[in-house]
Amino acid sequence: MESSVQSKSQTVDIPIRPPNGLNAERLLALKGEMEYLNTIGKQFVAAFDRFQVHRALLAALKEIYSFSACCILLKGNPFDLFIIPCYPLNASFLESMIQRIASAANALDFPTVTAEQLTRSAYFDAPDELAQNRAQGELSSTTIGSCLNIPLTVEDRIIGILSLFDEKPGTFDANLLKLTTMIADYAAVALENVRLRERENALWRQAEFERMRLELIIGSMAEGLLITDTNGTIKSLNKSAEQLLAQAQTVLTSGVPLRRLAETSDIPWLPRLVEIIQQALSGKVVKGQELVAGKTDERVPLTLSISAAPLHEAGEFSLKPSGVVAVLNDITSSKQVERLKDDFVSVVSHELRTPLTAIKGYTQHLVRRAERRLHKLRASEPEHNHPEQHDLHSLAIIQSQTEHLERLVNDLLDLSQVQWGDIHLHYTTFQMKAMLENLVRSVQASAEQHLLMLEVVEEETTVTADQVRIEQVIGNILDNAVKYSPHGGQILVSLRKQAQTYHISVKDQGIGVSPEHFEHIFERFYRIQNTASQHYAGIGLGLYVAKAIIRRHGGHIWLESNPENGSTFHVSIPVVPPTQSAEQATA
Amino acid sequence: MLPIHNNSSSVSREQVTEAYLQAIGLIDERVAPYLGKATTRVLVQGAAKRLTITYPFLNCLVNRPYTALIPAIIHEQLGSITANELEEGLMALLDACFAGLRELTGDLIVPPLHDEVTNQLQQLQ
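Taken in order, these protein sequences are the chains called Z and H. In terms of full-length UniProt numbering, the first sequence opens at residue 1 and continues consecutively. In terms of full-length UniProt numbering, the second sequence opens at residue 1 and continues consecutively.
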């Protein structure tokens, strides 16, 4: 206890002038009461724990009474009962005391409490300096002579009971009852303050424990964790994030918004990170964005997968996030495995292509020879059913399946190129209309059940693009249109020119695509899993490669459902490639 | 125990309720300076809780302070109770309150207060 508080209050001699008929004697008594209350008030205020409150309480009560024991029962779950006895206290006396406290608690409508419960939870606090020592040989009484139970009240709320017991009868005085209640009120407020302080400390310890635990979890995470404030300034990085940045040979200056860092820094991947963070700051959740953070000349550079989400303060209703939490995953090893797999596929595809070319060539040769022979035989014996006719049919099947195999092998080769950005375009200038006519004619030849129609409004359809690749894309869409229209129907190909773009659409009347697949249908190896499409062959690469080719041209490819049936694929291709148009603009 | 009024059948339930609420108010007035404002309220609630088994209509005093009770509303809830039954229950409540007060302060404040309450009840009924 601080000395300034512990010391008795300084008495200042103020000249006393009896006002309103109060005589000097009464004023002196009043002054004495005030000094007494001031002294005990200071002791209660200075009490920092419940035992100091007990000492202050006993010190105050002993000024006015002499008693055998003082008890404090506090409400709670469980109840707290503190007994401050005058040693030695007889066991029967103690038992009677507890019984009386339980009765008083029940009278004051405390939650049900029994003497047995109180006996179990009783705590003896015996400050030696305040305990009354019995005279040698003096025996303690077994019965209670006097008892006083005062409710401990804080703001009209009873928080417990102060009980005083004495062996002698008539110890407590009605004239001192108000003063006793006043002391009890001081004690109640002091005990409530202690309780609140203990609760605050417990909550603080719990919060600190949770903070440390969270810090430990974040520190031990294998994933990198990056937290920014509302300006996009990095506020926190865990150890894994620091290691990932170190691997990327990047040092991000703290306290500077990432957007400003990206403007001045030569870190190539920083603008992409800023873009992701900005998206999250605008309230979006960004998932699994790949970011190449290593040197691009490395075979498989350090690649990170970043997911970011807006951070809202607990209990905050504002829609604006207070920051962003981003998780960084090093996916370089999976990229390495992917690269190995793609390399393997590429090598195997190349190796398959050589015998395939030979099979295709010789099949063509055999078909032509069979056709010529059949032609001669039909000329000499037109009515005769020639076995060569069956040979030709068999060869046509071999040829068709070889072409199918060739397309699969080409798709696998393209996959490898698309995957690692190695797809090269050979731009030529050609007529889009003529290219589409050839394609439609070619597909129509092998699709007897379907009616392919071409609709071209413009006469002039010159375009600069990689003709082979564009043919590959449109051919793939047409193949799909035929494949997924098992009952035939019309396939309408239309070409329109819109500003500096050609818009090609292919509309079929087939089984169509459900809207939930629209987002994924251009992903690699994506196959629609439903009963309508499970009978169709394919490895889910054609549209993935098609999208890569069109994007490489600076165009777009998308899909929409037809209101009645089937689906429509749309492709837009710039009339002039983006790099060329930029050059033209500069010139 | 407080004396039961000999001629209780002649008084209405309203009068009985009013008289006993005023008696509790008197106890409150006398006890508050000694034991604080909340004491009488909790003594009444505790007593009502213990007596509810015998006098179910006292349940209305269990969960709210007696000062919040409006006699007119109580009467609506006491449709089948006679004035005698009501008086008996309220008197048991007063007795229980005094018993509770004795548990707290022994005979320091109860005897004179008991006399005062008895006088007031006799005057009111």
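Note that the Cβ used here is the ideal one computed from N, Cα and C, for glycine as well. As the structure is a prediction and not an experimental result, all values here were calculated from the model.
Using a CB distance cut-off of 8 Å, A83 (chain H) does not count as an interface residue toward chain Z. For F172 (chain Z), the secondary structure class from DSSP, reduced to helix, strand or coil, is coil. Taking 8 Å as the threshold, the shortest C-beta distance from L104 (chain H) to chain Z falls below it. Rounded to the nearest whole angstrom, the CA to CA distance from I72 (chain Z) to V285 (chain Z) is 57 Å.
Residue environment analysis places G170 (chain Z) among the exposed positions, since fewer than 16 neighbouring C-beta atoms fall within 10 angstroms of its C-beta. By the CB criterion at 8 Å, S305 (chain Z) and Q289 (chain Z) fall inside the cutoff. With the rule of 3 Cβ pairs closer than 8 Å, the segment 416-435 of chain Z does not count as touching the segment 354-362 of chain Z. In this structure I550 (chain Z) touches I573 (chain Z) by the C-beta definition: roughly 7 Å separates them, less than 8 Å. A buried status is given to I40 (chain Z), since no fewer than 16 other beta-carbon atoms sit within 10 Å of its beta-carbon. Within a 10 Å sphere around the beta-carbon of A188 (chain Z) sit 16 or more other beta-carbons, which makes this residue buried. Within 10 angstroms of the beta-carbon of F48 (chain Z) lie fewer than 16 other beta-carbons, which makes it exposed. Within chain Z, the residues K178 have their CB atoms less than 7 Å from the CB of P33 (chain H), given in chain order. Per DSSP, the unbroken beta strand (DSSP E) holding R157 (chain Z) starts and ends at R157 to D166.
Contact of R157 (chain Z) with chain H is assigned, a C-beta pair being separated by under 8 Å. Scanning H:S12, H:I70, H:N63 and H:F98 for the CA closest to the CA of D28 (chain H) turns up H:F98. If you look at E455 (chain Z), you'll find it in the beta strand (DSSP E) that goes H450 to V456. Taking the beta carbon of N106 (chain Z) as reference, the chain H residues within 7 Å of it are G46, listed in sequence order. In the three-state DSSP reduction, G145 (chain Z) falls in the coil class, being neither helix nor strand.
If you draw a straight line from the Cα of A280 (chain Z) to the Cα of N329 (chain Z), it is about 17 Å long. According to the DSSP secondary-structure assignment, Y20 (chain H) is paired through a beta bridge with no residue.
Runs of the beta strand (DSSP E) lying entirely within the segment 77-127 of chain Z, each at least 3 residues long, are 80-85 and 122-124 in chain order. For P112 (chain H), the number of other beta carbons within 10 angstroms of its own is below 16, and it is reported as exposed.
When 7 Å is used as the limit between beta carbons, N38 (chain Z) is near no residue of chain H, the shortest such separation being about 21 Å. By the Cβ neighbour-count rule, L258 (chain Z) is buried, with 16 or more other Cβ atoms within 10 Å of its own. Scanning chain H for C-beta atoms nearer than 9 Å to the C-beta of F172 (chain Z) yields T105, G106 and L108, reported in chain order. If only uninterrupted beta strand (DSSP E) runs of at least 3 residues are considered, those enclosed by the segment 415-498 of chain Z are 428-431, 450-456, 462-465 and 489-498. For T39 (chain H), the residues of chain Z that pass the 7 Å Cβ criterion are P151, in the order they occur in the chain. Relative to T464 (chain Z), the option among Z:S494, Z:T501, Z:L495 and Z:E458 whose CA is nearest is Z:T501. Within 9 Å of the CB of L43 (chain H), the CB atoms of chain Z belong to A107, L108 and D109, in sequence order along the chain. Each residue's CA atom was taken as its position, placing L148 (chain Z) and C86 (chain Z) some 16 Å apart. Shortest Cα-Cα distance from F522 (chain Z) to any of Z:K483, Z:L452 and Z:H556 involves Z:H556. For T303 (chain Z), the beta-bridge partners assigned by DSSP are Z:V292. Per DSSP, the unbroken beta strand (DSSP E) holding V325 (chain Z) starts and ends at G323 to D330.
Of all residues in the segment 180-192 of chain Z, only T181 and D185 place a beta-carbon less than 8 Å from a beta-carbon of chain H.
The DSSP-derived three-state label of G542 (chain Z) is helix.
Listed along the chain, the chain H residues whose CB falls inside 8 Å of the CB of C147 (chain Z) are G106.
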